[in-house]
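Quick note on the numbering used here: the first sequence kicks off at 3 and runs consecutively.
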Amino acid sequence: MALPYNKRTHDCGALRAADIGKSVLLSGWVDNFRDLGGMVFIDLRDRGGITQLKFDPNSDPAAHGIARTLRSEFVVCVRGEVISRGEKVNAKLPTGEIEVVVHEIELLSKSETPPFEISDDTETNEDLRLKHRVLDIRRPRMKNALMLRHKITRTIREYFDRNGFLDIETPILTKSTPEGARDYLVPSRIHHGCFFALPQSPQIFKQLLMIGGLDRYMQVARCFRDEDLRADRQPEFTQIDIEMAFVQAEDVMHHVETCIAEVAKVSRGLDVALPLPRISYAEAMLKYGKDAPDLRYDLTIKDVTEIAGRVDFGIFKDAIAKGGVVRCLVVPNGSEMTRKETDGLAEELKGIGAGGLPLVKVAVEGGKVVFQTGIAKFFTDAALVAEICTQIGAKSGDLILFAADHSDSVCKYLGWLRATVADRRGLIPKDRWAFCWVVDFPAFGYDAETKAVFPMHHPFTSPKDEDLHLLKLGTNEVPPKEDLLKVRAKAYDVVLNGIELGGGSIRIHRADVQSKIFQLLGLTPEDAKKKFAFLLDALRFGAPPHGGLALGLDRIIMLFGGYSSIREVIAFPKNARASCPLSDAPGEVAPEQLKELGISILK
RNA sequence: GGGGCUGUAGCUCAAUUGGUCAGAGCGCCGGCCUGUCACGCCGGAGGUUGCGGGUUCGAGCCCCGUCAGCCUCGCCA
Numbered sequence: 003m004a005l006p007y008n009k010r011t012h013d014c015g016a017l018r019a020a021d022i023g024k025s026v027l028l029s030g031w032v033d034n035f036r037d038l039g040g041m042v043f044i045d046l047r048d049r050g051g052i053t054q055l056k057f058d059p060n061s062d063p064a065a066h067g068i069a070r071t072l073r074s075e076f077v078v079c080v081r082g083e084v085i086s087r088g089e090k091v092n093a094k095l096p097t098g099e100i101e102v103v104v105h106e107i108e109l110l111s112k113s114e115t116p117p118f119e120i121s122d123d124t125e126t127n128e129d130l131r132l133k134h135r136v137l138d139i140r141r142p143r144m145k146n147a148l149m150l151r152h153k154i155t156r157t158i159r160e161y162f163d164r165n166g167f168l169d170i171e172t173p174i175l176t177k178s179t180p181e182g183a184r185d186y187l188v189p190s191r192i193h194h195g196c197f198f199a200l201p202q203s204p205q206i207f208k209q210l211l212m213i214g215g216l217d218r219y220m221q222v223a224r225c226f227r228d229e230d231l232r233a234d235r236q237p238e239f240t241q242i243d244i245e246m247a248f249v250q251a252e253d254v255m256h257h258v259e260t261c262i263a264e265v266a267k268v269s270r271g272l273d274v275a276l277p278l279p280r281i282s283y284a285e286a287m288l289k290y291g292k293d294a295p296d297l298r299y300d301l302t303i304k305d306v307t308e309i310a311g312r313v314d315f316g317i318f319k320d321a322i323a324k325g326g327v328v329r330c331l332v333v334p335n336g337s338e339m340t341r342k343e344t345d346g347l348a349e350e351l352k353g354i355g356a357g358g359l360p361l362v363k364v365a366v367e368g369g370k371v372v373f374q375t376g377i378a379k380f381f382t383d384a385a386l387v388a389e390i391c392t393q394i395g396a397k398s399g400d401l402i403l404f405a406a407d408h409s410d411s412v413c414k415y416l417g418w419l420r421a422t423v424a425d426r427r428g429l430i431p432k433d434r435w436a437f438c439w440v441v442d443f444p445a446f447g448y449d450a451e452t453k454a455v456f457p458m459h460h461p462f463t464s465p466k467d468e469d470l471h472l473l474k475l476g477t478n479e480v481p482p483k484e485d486l487l488k489v490r491a492k493a494y495d496v497v498l499n500g501i502e503l504g505g506g507s508i509r510i511h512r513a514d515v516q517s518k519i520f521q522l523l524g525l526t527p528e529d530a531k532k533k534f535a536f537l538l539d540a541l542r543f544g545a546p547p548h549g550g551l552a553l554g555l556d557r558i559i560m561l562f563g564g565y566s567s568i569r570e571v572i573a574f575p576k577n578a579r580a581s582c583p584l585s586d587a588p589g590e591v592a593p594e595q596l597k598e599l600g601i602s603i604l605k
C-alpha cells in the first residue's frame with residue numbers, strides 16, 4: 003500500500019473543475035474529518051490549500067477503513083480520482099467544485115491532539131502559539147503571512163536588481179561601535195576579553211562599499227539591537243538596506259518610493275501616487291506630534307501659546323514662563339465623550355508623564371460660544387473664547403484637549419492623544435494608505451541631562467548645504483547650541499499610516515565637514531579615530547558623495563498584510579521579554595564553554 | 001526602570017454586591033449515522049481559578065507579595 007509521496011501531482015489548493023477525471027496523488031495533513039457512518043469526508047490541507055477527500059465504503063473498503071481512524075493533523079498520502087461535486091459545491095473553497103474520491107491511502111504520520119485548533123477562527127494566546135509555532139504556522143493566517151513575506155521580499159530584490167543594485171553580504175560578526183543601541187556581543191575564543199558585536203545595521207559597511215566603488219548596493223540584512231521590545235520592534239529584525247554613490251537625497255527617495263509602490267501593487271493591488279508627499283520634520287511635530295505622522299485622518303494639533311498666555315490659568319502661565327508652549331487638539335463632536343472616557347485618557351496620559359489633561363467642551367449658550375467643564379472656569383472672557391474657537395476651528399459640540407509644557411512633551415502628549423482619540427472614536431479610515439516622506443530633520447539633538455549635542459540620525463549624516471554656514475567650518479570655533487539645533491540634515495524617513503517604514507540620509511563625504519561634526523559632538527580626533535577608524539581611513543582615499551536608506555522589512559509586511567505586530571510576520575520571533583518560547587533561548591551554557599571563552603559569570 | 005491590561009477545563013471565555021459559581025461553546029474519548037463541508041444525534045472524561053500569603057463564618061471575586069504574557073513610556077543606526 004506504500005504510495006510514492008514524493009510524486010505528488012498537485013497541491014491541495016490546485017484542483018479545479020477542469021481537472022475532473024484526472025488521477026491525482028496528494029499529500030497533506032488532516033484538517034477536518036466528517037464520518038457519516040458510511041461515507042467519510044476528509045479535508046486535506048497542505049501549503050496550497052484544502053481539498054475534500056471522499057472515502058466510499060463500497061468502492062474502496064480498505065481506504066475507507068483507514069480513513070475512519072484518522073484524526074486531526076495526521077499526515078497522509080492519497081491516490082484517487084478528481085470528481086465533480088455536482089450540486090454540492092462548497093463556495094468557501096477555491097477547490098469547492100471538486101473532490102477526490104480516494105482509492106488508496108497511506109498513513110505517513112500520526113499526531114497527538116494539538117494544543118489548539120489549526121484554524122483562524124479562534125484567537126489563541128500568543129505565548130502558546132509561539133511555544134507550538136510549528137502548529138501555528140499551519141494556520142492559514144500565519145502561512146499567508148510567510149508567503150506574503152516571500153512575495154514582498156522577492157519584489158524588492160527584483161526591483162533593485164533591475165535598477166543596478168548589487169546584493170552584497172556584510173559581516174555578522176563585527177565590531178561594536180559606541181553610538182546608538184546596545185549591542186549583542188559575541189565573545190572571542192581566540193582573543194580572550196574581546197568581543198564581536200552583531201551589527202545594529204550594516205551602516206558603515208555599506209558606506210565602505212560605496213567608497214569601494216560599487217556604486218549601488220542592496221542587502222536583505224539582519225540587524226540586532228539589544229533594546230526593549232514593542233509590537234513593531236524585535237531584537238533581531240530585517241532591513242532592506244540600500245546605498246548609492248553620486249546621488250542626492252531625491253535620487254534615493256525616488257528609488258525607495260518607486261519600490262514601495264511596486265510592493266503595494268503586488269501585495270495589495272494598490273496604486274500609489276508618486277512622488278509621495280513630503281512634509282518637514284518641524285511641520286510633522288507641530289501638527290501631528292510625531293516624526294512619523296499618521297496622515298490617514300486630519301485632526302491636527304493647533305498652537306495656542308500666544309492666546310493661552312492671556313488666560314489666567316496657572317498651568318498655561320507656568321509652561322509659557324518656562325519657555326514652553328500651549329497646544330491643543332480639537333476633537334469633532336468630542337463633547338459626547340463621557341466623563342469616564344476623558345478621565346481615562348487623563349489617567350493614561352499621566353502614565354506617559356503628563357501632569358493631567360486640561361480640557362473644555364465647546365457649547366453655545368444664549369447665542370454665544372462658551373466653554374464648559376474641565377478648565378472652563380478660567381475662560382471668563384467671552385471675546386477670548388470666541389477668538390480661540392475661530393483660531394483653532396472649534397465649534398459647538400467639540401472637545402478641546404490642551405497640553406502645556408516644553409515643546410517635546412507637548413508633542414508627545416498631544417501626539418498620543420491624537421492617535422488614541424482617533425482610534426477610539428473611529429476617525430481612522432481603515433482603507434486608506436497614507437504614505438509620506440518626512441524631511442529636513444534636525445541634524446542634532448540636545449540631551450539636557452548630559453548637556454551634550456548628539457546626532458539625530460548618525461554622525462555621518464550630511465547637513466543641508468544651506469545650513470553648513472552654521473557650523474563655522476574651517477575654524478576651531480564651536481557654534482552656540484542654538485545654531486547647531488537649527489542645522490538640518492539631508493535625512494529622510496518614509497512613513498506609512500503613522501509608522502516609520504525606513505529612513506536614511508546622504509552621508510558626509512568631505513573630510514573637513516566630518517571632522518567638524520566630530521568636534522561638535524565632543525569627539526577629539528583621537529576618539530573619532532578609535533571609534534570609526536576604518537570608515538575614516540576609507541574617507542581619506544576618495545569618497546564619492548553617497549547616501550542610502552534602510553527599510554524595515556518586517557514592518558512593511560506587517561502593514562501590507564494587515565497584521566498588528568511584526569511577530570505575526572516572522573516565522574520564529576522573540577516575545578516581549580526578548581526570549582524565544584519555542585527554543586527557550588537565551589539559555590545557560592556549560593561551564594566548559596565559558597572557560598574556553600575566558601568568561602566568568604557575576605552572581 | 002515606570003504606567004496599564006490579562007491570568008478560571010486542552011482552546012476561547014462566563015460566573016450580580018464575597019454566599020450551589022466550578023459553568024458554556026469548541027476540542028478530546030465512546031456509541032449511532034452514506035452527501036458532509038463549523039456535519040448531526042446520544043453519552044462520557046476533564047479544573048489546586050498562575051503561585052504564595054492575608055482579611056473573612058465563607059474568596060475565582062477583596063488586600064499584599066510573586067511569576068508569566070501583552071500593550072506602552074523611557075530606551076531604540
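Ideal Cβ placement from N, Cα and C applies to all residues, glycine included.
Small disclaimer: the values here were computed from a predicted structure and weren't measured.
Fill in: Sheet register partners of residue 281 (DSSP bridge)
Paired residue(s): 440.
Worksheet item: What are the complete beta strand (DSSP E) segments, minimum 3 residues, inside the region 445-499?
Response: Secondary structure in the region 445-499: the beta strand (DSSP E) runs of 3 residues or longer, each lying completely within the stretch, are 446-449, 454-457 and 493-498 in chain order.
Worksheet item: With 16 as the cutoff for other CB atoms within 10 Å, does residue 63 come out buried or exposed?
Response: By the neighbour-count rule (16 or more Cβ atoms within 10 Å), residue 63 is not buried but exposed.
Worksheet entry | Nearest neighbour of residue 113, chosen from 459, 401, 31 and 270 [CA to CA] | With respect to the C-alpha of residue 113, the residue from 459, 401, 31 and 270 having the closest C-alpha is 31.
Worksheet item: So, are the CB atoms of residue 102 and residue 28 less than 8 angstroms apart?
Response: Yes, Cβ-Cβ distance for residue 102 and residue 28 is below 8 angstroms.
Practice prompt. On the DSSP bridge assignment, give the partners of residue 51 in chain order.
Written response: According to DSSP, which records beta bridges pairwise, residue 51 is partnered with 48.
Worksheet item: So, helix, strand or coil for residue 363, using DSSP?
Response: It is a strand residue.
Practice prompt. Give me the Cβ distance between residue 84 and residue 100, rounded to the nearest whole Å; I'm assuming they're in contact under 8 angstroms.
Written response: Taking 8 angstroms as the upper bound for CB-CB distance, residue 84 and residue 100 are in contact here, some 5 angstroms apart.
Worksheet item: Buried or exposed: which applies to residue 500, given that a residue is buried once 16 or more other Cβ atoms fall within 10 Å of its Cβ?
Response: With 16 or more neighbouring CB atoms inside 10 Å of its own CB, residue 500 falls in the buried class.
Worksheet item: Out of curiosity, what's the CA-to-CA distance linking residue 292 and residue 415?
Response: So the alpha carbons of these two residues sit roughly 10 angstroms apart.
Item to complete: Just tell me which of 349, 303 and 217 has its CA closest to the CA of residue 402.
Response: Checked all of 349, 303 and 217; the closest Cα to residue 402 is 303.
Discussion item. Can you tell me whether residue 207 is helix, strand or coil according to DSSP?
Written reply: Correct three-state label for residue 207: helix.
Discussion item. Just to confirm the assignment, what range does the beta strand (DSSP E) spanning residue 323 have?
Written reply: Looking at the DSSP string, residue 323 is not in any beta strand (DSSP E); the run it does join, the alpha helix (DSSP H), is 316-323.
Item to complete: Determine, using beta carbons only, whether residue 280 and residue 435 come nearer to each other than 8 angstroms.
Response: No.
Discussion item. At the level of alpha carbons, what is the spacing between residue 248 and residue 260?
Written reply: Approximately 19 angstroms, taken between the alpha carbons.
Fill in: Contact under 8 angstroms by Cβ, residue 574 with residue 154
The answer is no: Cβ separation not under 8 angstroms.
Worksheet item: Apart from the five residues on each side of it in sequence, which residues of its chain come closer than 6 angstroms, Cβ to Cβ, to residue 24?
Response: Non-local beta-carbon contacts of residue 24 in its own chain, meaning distances under 6 angstroms to residues more than five positions away in sequence, involve 84 in chain order.
Practice prompt. Report, in whole angstroms, the separation of the C-beta atoms of residue 185 and residue 208, which I expect to be a contact under 8 angstroms.
Written response: In this structure residue 185 is not in contact with residue 208, their Cβ atoms being roughly 18 angstroms apart against a cut-off of 8 angstroms.
Worksheet item: So, residue 306 versus residue 337, is the Cβ gap smaller than 8 angstroms?
Response: No.
Practice prompt. Pull up the distance between the alpha-carbon of residue 87 and that of residue 54, whole angstroms please.
Written response: Note on geometry: alpha-carbon atoms of residue 87 and residue 54 lie some 10 angstroms from one another.
Worksheet entry | 8 angstroms contact criterion, which residue 82 and residue 66 should meet: CB distance rounded | About 12 angstroms separates the two Cβ atoms, so there is no contact after all.
Worksheet item: Does DSSP put residue 415 in a helix, in a strand, or in coil?
Response: Helix at residue 415.
Practice prompt. Let me know the beta strand (DSSP E) ranges lying completely inside the region 320-354, each 3 residues or longer, listed in chain order.
Written response: Scanning the region 320-354 from its first residue to its last, the whole beta strand (DSSP E) runs of 3-plus residues come out as 327-333.
Practice prompt. For residue 344, count neighbouring C-beta atoms within 10 Å of its own C-beta (all shown protein chains included) and say buried if the count is 16 or more, exposed if not.
Written response: By the 10 Å Cβ count, residue 344 comes out buried.
Worksheet item: Helix, strand or coil: how does DSSP classify residue 159 here?
Response: Helix at residue 159.
Worksheet item: Nearest to residue 222 by CA position, among 188, 213, 273 and 160, is which residue?
Response: Of the listed residues, the one whose Cα sits closest to residue 222 is 160.
Discussion item. Let's test the definition: count the other Cβ atoms within 10 Å of the Cβ of residue 585 and tell me whether it reaches 16, buried, or not, exposed.
Written reply: So residue 585 counts as exposed.
Worksheet item: In the region 495-565, which residue ranges form an unbroken beta strand (DSSP E) of at least 3 residues, counting only runs that do not cross its ends?
Response: Unbroken beta strand (DSSP E) stretches of 3 residues or longer found wholly inside the region 495-565: 501-508 and 548-554, given in chain order.
Worksheet item: Is it right to say residue 6 is buried, meaning 16 or more other beta carbons lie within 10 angstroms of its own, or is it exposed?
Response: Classification of residue 6: exposed, given that the 10 Å Cβ count is below 16.
Practice prompt. Determine contact between the region 215-230 and the region 509-528, defined as no fewer than three beta-carbon pairs at a distance below 8 angstroms.
Written response: Contact fails: fewer than three Cβ-Cβ distances are below 8 angstroms.
Worksheet entry | residue 260 (DSSP reduced to helix, strand or coil) | Reduced to three states, the DSSP call for residue 260 is helix.
Discussion item. Is it buried or exposed, residue 196, if we count other Cβ atoms within 10 angstroms and call 16 or more buried?
Written reply: Result: exposed.
Worksheet entry | Given residue 371 as reference, the closest of 599, 188 and 395 once Cα atoms are compared | When only C-alpha atoms are compared, the closest one is 395.
Practice prompt. Name the residue from 489, 441, 598 and 555 whose alpha carbon lies nearest to the alpha carbon of residue 1.
Written response: Absent from the model: residue 1. The displayed extent of the chain is 3 to 605, so no value can be given.
Discussion item. According to DSSP, residue 244 sits in a beta bridge with which residue or residues?
Written reply: Beta-bridge pairing links residue 244 to 220 and 551.
Worksheet item: Just the Cα atoms here: how many angstroms apart are residue 552 and residue 73?
Response: Their backbone Cα atoms lie some 47 angstroms apart in a straight line.
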